[in-house]
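Numbering (our numbering), first residue to last: 3 to 562.
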Amino acid sequence: MKKIIYLVLAFFSTVATAQNSTVYFNGDILTMRGDTPQYVEAVVVQGNEITYVGNKAKAMTVAGKGPKLVDLNGRTMLPAFIDSWGHFTLIAQNTLGVNLAYFSDNPPKTKAQLIQRLKTEGKPLNGWLIGTGYADPLLSDGPLTLADLDRAFPSQPVLIANISTLTGIANSAGLKKLGITKATKAVSGFIPINPKTGELTGELIGMPYLSAIAQAVGKYSQDLTFQTYQKAEKIYLENGFTTAQSYQAEVSDIQSMQTAIEKGVVSIDLIALPTYDVVDQLLKANPQYPFGRYNKGKQGFKVAGMMVPTDGAPQLRLAYMTKPYLVTTGFDKDWRGFPYNPQSLIDHYAKLAYEKNIQYFAYSNGDAGIDMTLAALDKAIKETGITENRRTVVSHAMFARQDQLKQFKEKQILPIMLINHLWLYGDVYQQIVGPERAANHNPLKWVQNAGLRIGIHNDTPSSGPSALFSMWTAVNRKTVKGTLLGPDQRITPYQALQGFTTNAAYQYKEEGTKGMIAQGMFADLVILNKNPLKVNPDEIKDIQVLETIKQGKSLFKRPI
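This is the structure:
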């Protein structure tokens, strides 16, 4: 009798396996296990996880009777990409405007093309015409001016968001609608005035810009919010990501993202990263707030930890440096940037994070800003006595020095770098900080030499959403003008891939479920048309994502 029962159970087990199993084979299946490339013949996926990785013959046995067979036809399969630092909600909001970025479908190369796209594609929102992703270096005839916008839009309020997400330019009608005049005092930023004419330039930097974009976009319904989330998710999936982050998340963002996951509006995993003041609000409402824990077990939505910024964007000369910028036009003599917050505030929140076991994410660009973060973390570790690896992160870390990276290693800190800034602003950096500092901007090779994990992020929409473009920049270190900048800081394609897979999973403490193709891991996978490790390094940016799979379900497939 027992034997009959066992046979019946085995039969139904085989049927269940056959119904759910998929076998991928006949391609370059790169597992991302270890520090050197490892390939396997086949992968078996059952339900939402990987059940076997190895040779094809055994894979067919493990898969059971009648599995779905996916012939990769020589294409490349990898673990899906993980967004270690980005603006999911801002990407969503930007879909309400005209995408003028270099990664848009028809990127403008001149001011006339940019203005024409605004005229033909723009749909007024709250009385505003909004453009996003604008980048000065990519226009052949120079940056946009107030006069350019006024000629094209004499009465329609216009606000153009710079790709940096920290600055923008409005026309005169827009400035009037905002109530900005020459007498307006800038708080935590700048409202530049042309020194020759004494008139406004239309530029808004820092908080004046952030306040302007908030006023222009305004508040909108949950239904429209979810529509923008789905558009943002599509962008992530088209680029092979199944995990997205939204830093500087407000309480309202956290609530909306969690609701979107719970209602099934969004299928990828969403991670919120609020600033320290929002963390205070969360802790006030719930002293035991579940930082770092997903709402659906090991997936869904979570608030990763606490973000604490020290300084701003280097291309705007807002990054806090130990040595002065070489070009100080519009700033004080010997301008070194400035700290966003006093050291006492940085110290307070570093200690709070260690005391309450909240993962600490610093945002530091210049080396003086990084010094502030390191000083705060050193103090926190000494005062709390906590030396365990908390996966503390310093985002951007663009101008990290070698002595600082040594401290990163000692304190178990993860640097994650915005390498696309080298492509976009490398030529600018050579002018404003000099050749040596520019060459060692985003020093990924120093990171590797220090024995640290290499972290890379896109910070989309501050740069494009393509992980492959970022990998290309890390491997080639070419600027917009084609200059080879800091060849000694180049890393290998495999190391660049680790920045979006294994190391990103480690950052979030998810190395047990994501970032590799291995038995027991979630079936978060991406299929590429070519292997980044086998093409000419200059071709990496042109590789296409053909399919993105989230926990066994195909969520994006590129039309053939």
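Cβ atoms here follow ideal geometry from the backbone N, Cα and C, with glycine treated the same way.
Can at least three beta-carbon pairs, one atom from the region 451 to 466 and one from the region 523 to 541, be found at a separation below 8 Å?
no
Bridge partners for K384 per DSSP, in chain order?
Along the sequence shown, read from residue 1 onward, the residue named residue 384 stands at position 382. Per DSSP, none; premise fails for K384.
Close Cβ partners of T112 (< 7 Å) along its chain, the five nearest in sequence each way excluded
Position 110 of the sequence shown, counted from the first residue, corresponds to residue 112. Hits under 7 Å: L141, S142, D143.
Whole-angstrom Cβ separation of A103 and A137, contact assumed at under 8 Å?
Along the sequence shown, one-based indexing puts residue 103 at 101. Along the sequence shown, one-based indexing puts residue 137 at 135. With a Cβ gap of about 7 Å, A103 and A137 count as contacting.
Restricting to runs no shorter than 4 residues, where is the alpha helix (DSSP H) found entirely within the region 285 to 366?
For the region 285 to 366, whole alpha helix (DSSP H) runs of length 4 or above, ordered along the chain, are 345 to 357.
Kindly indicate which three-state DSSP category N196 falls into: helix, strand or coil?
Taking the first residue of the sequence shown as position 1, residue 196 is located at position 194. In the structure shown, N196 sits in coil (DSSP, three-state: anything other than H, G, I, E or B).
Contacting residues, own chain, Cβ-Cβ under 8 Å from M400 (five flanking each side not counted):
Your numbering for residue 400 matches position 398 in the sequence shown. The answer, listed in chain order, is P316, A321, N367, G368, M419, L420, H423, H443, N444.
Considering Q247, what are the terminal residues of the beta strand (DSSP E) in which it resides?
Within the sequence shown, numbered from 1, the residue matching residue 247 stands at position 245. From DSSP, the beta strand (DSSP E) with Q247 extends over 243 to 249.
Per the DSSP calculation, W130 is bridged to which residue(s)?
Along the sequence shown, read from residue 1 onward, the residue named residue 130 stands at position 128. BP columns for W130 point to L127.
In chain order, each beta strand (DSSP E) run of at least 3 residues that lies wholly inside the region 503 to 530:
With a minimum length of 3 residues, the continuous beta strand (DSSP E) runs that stay inside the region 503 to 530 are 527 to 530.
The alpha helix (DSSP H) that contains E438, what's its start and end?
The sequence position of residue 438 within the sequence shown is 436, counting from 1. 437 to 441 is the extent of the alpha helix (DSSP H) around E438.
How long is the line joining the alpha carbons of I6 and K67, rounded to whole angstroms?
Locating residue 6 in the sequence shown gives position 4, counting from the first residue. Locating residue 67 in the sequence shown gives position 65, counting from the first residue. Since pLDDT at I6 reaches only 44, below the 50 mark, its modelled position is unreliable, and the value read off the structure follows with that caveat. Using only the alpha carbons, I get a separation of about 20 Å.
Excluding five sequence neighbours on each side, which residues of the same chain lie with their C-beta closer than 6 Å to the C-beta of I117?
On the sequence shown, position 115 is the one that residue 117 refers to. Taken in chain order, the residues that qualify are A154.
Can you tell me whether G29 is buried or exposed? The criterion is at least 16 other CB atoms within 10 Å of its CB, across all chains shown.
Against the sequence shown, residue 29 aligns to sequence position 27. G29 is buried by the Cβ-count criterion.
If you drop the 5 nearest sequence neighbours on each side, which residues of the same chain put their C-beta closer than 7 Å to that of N101?
Reading the sequence shown from its first residue, position 99 is the one you call residue 101. The residues are T134, G135.
Span of the alpha helix (DSSP H) holding M400?
Along the sequence shown, read from residue 1 onward, the residue named residue 400 stands at position 398. Annotation for M400: no alpha helix (DSSP H) segment contains it, and DSSP assigns it neither H nor E.
Are the CB atoms of Q345 and A377 nearer to each other than 8 Å?
Taking the first residue of the sequence shown as 1, we reach residue 345 at position 343. Taking the first residue of the sequence shown as 1, we reach residue 377 at position 375. Cβ distance < 8 Å, so Q345 and A377 count as in contact.
Which partner residues of G457 appear in the DSSP bridge assignment?
Residue 457 sits at position 455 when you count from the first residue of the sequence shown. DSSP, once it has assigned bridges, lists I418 as partnering G457.
For G56, I'd like the list of residues in its chain whose CB is within less than 8 Å of its CB, leaving aside the five on either flank, ordered along the chain.
In the sequence shown, the residue the question calls residue 56 occupies position 54. Cβ neighbours of G56 beyond the five flanking positions: V42, E43, A44.
If you run the structure through DSSP and keep just helix, strand and coil, what is P561?
Looking up residue 561 in the sequence shown gives position 559. P561 falls in the coil class under three-state DSSP.
Among residues of its own chain, excluding the 5 on either side of W448, which ones have a beta-carbon nearer than 8 Å to its beta-carbon?
Counting from one through the sequence shown, the residue named residue 448 turns up at place 446. Contacts found: A402, Q404, L407, N442, Q491.
For S468, the nearest candidate out of K265, F340, Y238 (CA to CA):
Counting from 1 along the sequence shown, the entry for residue 468 is found at position 466. The option with the nearest alpha carbon to S468 is Y238.
S157, buried or exposed, once every other Cβ within 10 Å from all chains shown has been counted against 16:
Reading the sequence shown from its first residue, position 155 is the one you call residue 157. So S157 ends up on the exposed side.
L102 in three-state terms, based on DSSP:
To locate residue 102, count along the sequence shown from 1; it is residue 100. In the structure shown, L102 sits in coil (DSSP, three-state: anything other than H, G, I, E or B).
Assign V268 to one of two classes, buried (16 or more other C-beta atoms within 10 Å of its C-beta) or exposed (fewer than that).
By one-based count along the sequence shown, residue 268 stands at place 266. With 16 or more Cβ atoms within 10 Å of its Cβ, V268 is classed as buried.
Taking Cβ to Cβ, would you say Y351 is nearer than 8 Å to Y249?
Start at 1 with the first residue of the sequence shown, and residue 351 comes out as number 349. Start at 1 with the first residue of the sequence shown, and residue 249 comes out as number 247. For Y351 and Y249, no; Cβs fall outside 8 Å.
Among residues of its own chain, excluding the 5 on either side of G208, which ones have a beta-carbon nearer than 8 Å to its beta-carbon?
The sequence position of residue 208 within the sequence shown is 206, counting from 1. For G208, where only same-chain residues beyond five positions count, the Cβ hits under 8 Å are L168, T169, A188, S190, G191, F192, G314, L320.
Does the Cβ-Cβ distance between L226 and A246 come in under 8 Å?
Position 224 of the sequence shown, counting from 1, holds the residue named residue 226. Position 244 of the sequence shown, counting from 1, holds the residue named residue 246. In terms of Cβ geometry, L226 and A246 do not form a close pair [threshold 8 Å].
Have a look at T481 and D429 and give me their C-alpha separation to the nearest angstrom.
Position 479 of the sequence shown, counted from the first residue, corresponds to residue 481. Position 427 of the sequence shown, counted from the first residue, corresponds to residue 429. Rounded to the nearest angstrom, the two C-alpha atoms are 6 Å apart.
CB R338 to CB A370, shorter than 8 Å?
In the sequence shown, counting from the first residue as 1, residue 338 sits at position 336. In the sequence shown, counting from the first residue as 1, residue 370 sits at position 368. It is a contact, given that the beta carbons lie within the stated cut-off.
Check whether the Cβ atoms of L275 and M323 sit closer than 8 Å, and answer yes or no.
Looking up residue 275 in the sequence shown gives position 273. Looking up residue 323 in the sequence shown gives position 321. Not closer than 8 Å, so no.
Can you check whether the CB of V25 is closer than 8 Å to the CB of L71?
On the sequence shown, residue 71 is found 69 positions in, with the first residue counted as 1. On the sequence shown, residue 25 is found 23 positions in, with the first residue counted as 1. Yes, Cβ-Cβ distance for L71 and V25 is below 8 Å.
Could you tell me whether the Cβ atoms of A82 and I551 are closer together than 8 Å?
Stepping through the sequence shown from its first residue, residue 82 is reached at position 80. Stepping through the sequence shown from its first residue, residue 551 is reached at position 549. Going by C-beta atoms, A82 is nearer than 8 Å to I551.
How far does the beta strand (DSSP E) with M34 in it extend, from its first residue to its last?
Walking along the sequence shown from the start, residue 34 turns up at place 32. Careful: M34 lies outside any beta strand (DSSP E) and carries neither H nor E.
Which runs of the beta strand (DSSP E), 3 residues or longer, sit entirely within the region 144 to 205?
160 to 164, 169 to 172
Identify whether P81 lies in helix, strand or coil by the three-state DSSP scheme.
Here residue 81 corresponds to residue number 79 of the sequence shown, with the count starting at 1. P81: strand per DSSP, three-state reduction.
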